[in-house]
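Every letter in the sequence shown is one number past the one before it in this note's numbering, and letter 35, counting from 1, is 35.
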Amino acid sequence: MSAPNEPERPRAWQRMLSGRRLDLLDPSPDDVAIEDIAHGLARVARWNGQTHGPHALSVAQHCVIVADIVAGLDARATRQSQLAALLHDAPEYVIGDLISPFKAAIGLDYKAFEEKLLAAIHVRFSLPHPLSGELHKAIKRADRIAAYYEATRLAGFDEDEGKKHFGPAELLPAALSETLAALTPMPVEAAERAFLTRYTALSAR
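Pasting the structure below:
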């Protein structure tokens with residue numbers, strides 16, 4: 001509590017629709033809920049909303065795509081690995097999706113904040129933190145592939161720009177390649193359901 005003449009500290013927590021109160025400066029795994037993550041990510045737009053179609057491409061849909069790519073590129077990918085991929089951008093349910101150039105401009109304080117929240121999320125869902133180097137690399141690769149297809153199919157990048165900023169398109173399994181080539185943003189409610197459905201499937205024992 002503040003001393004009588006001290007100004008009250010600014011509020012540093014967010015009330016979630018689940019009823020939890022998440023401390024943004026010191027997030028507790030106990031205050032992290034999958035329904036809050038799914039609800040928030042389905043309402044956060046990738047590419048600052050600069051994508052074709054009647055709906056924004058949500059971070060929730062992007063996370064499902066990245067989990068699909070991790071599984072599609074490695075038949076041995078475990079449920080835990082796919083769950084880590086599904087949750088790789090989970091902090092954005094609180095902090096939003098800043099495009100990479102803006103993250104670079106903000107600097108390391110932003111990354112430290114994001115990392116602290118990701119650590120709480122990993123603990124909540126029984127994932128190791130930090131992830132192994134191999135898994136981290138696999139998710140980064142899948143994230144880059146997803147970004148390439150999102151950029152060139154939805155966000156107005158031509159093929160040369162896509163290759164320059166996200167690397168050349170990789171040779172992917174046919175089914176995965178067809179899915180990415182036909183990428184279409186989902187309505188908010190559908191993206192939220194898809195995220196929760198995938199979480200349920202991956203966390204089932």
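Where a beta carbon is used, it is the ideal one built from N, C-alpha and C, also for glycine.
Quick caveat, the model's predicted, so the values are computed rather than measured.
Q14 is bridged by DSSP to L22.
Per DSSP, the beta-bridge partners of S58 are A45. No Cβ-Cβ contact shorter than 8 angstroms links E114 with L41.
The three-state reading of DSSP puts R76 in coil, since its state is none of H, G, I, E or B.
The count of Cβ pairs closer than 8 angstroms, one atom from the stretch 27 to 35 and one from the stretch 116 to 128, reaches three, so the stretches are in contact. DSSP, reduced to helix, strand and coil, places D68 within a helical segment of the structure shown.
Burial state of A146 is buried, judged by a 10 Å Cβ sphere holding 16 or more other Cβ atoms.
Judged by DSSP in its simplified three-state form, P29 adopts helix. The three-state secondary structure of L98, taken from DSSP, is coil.
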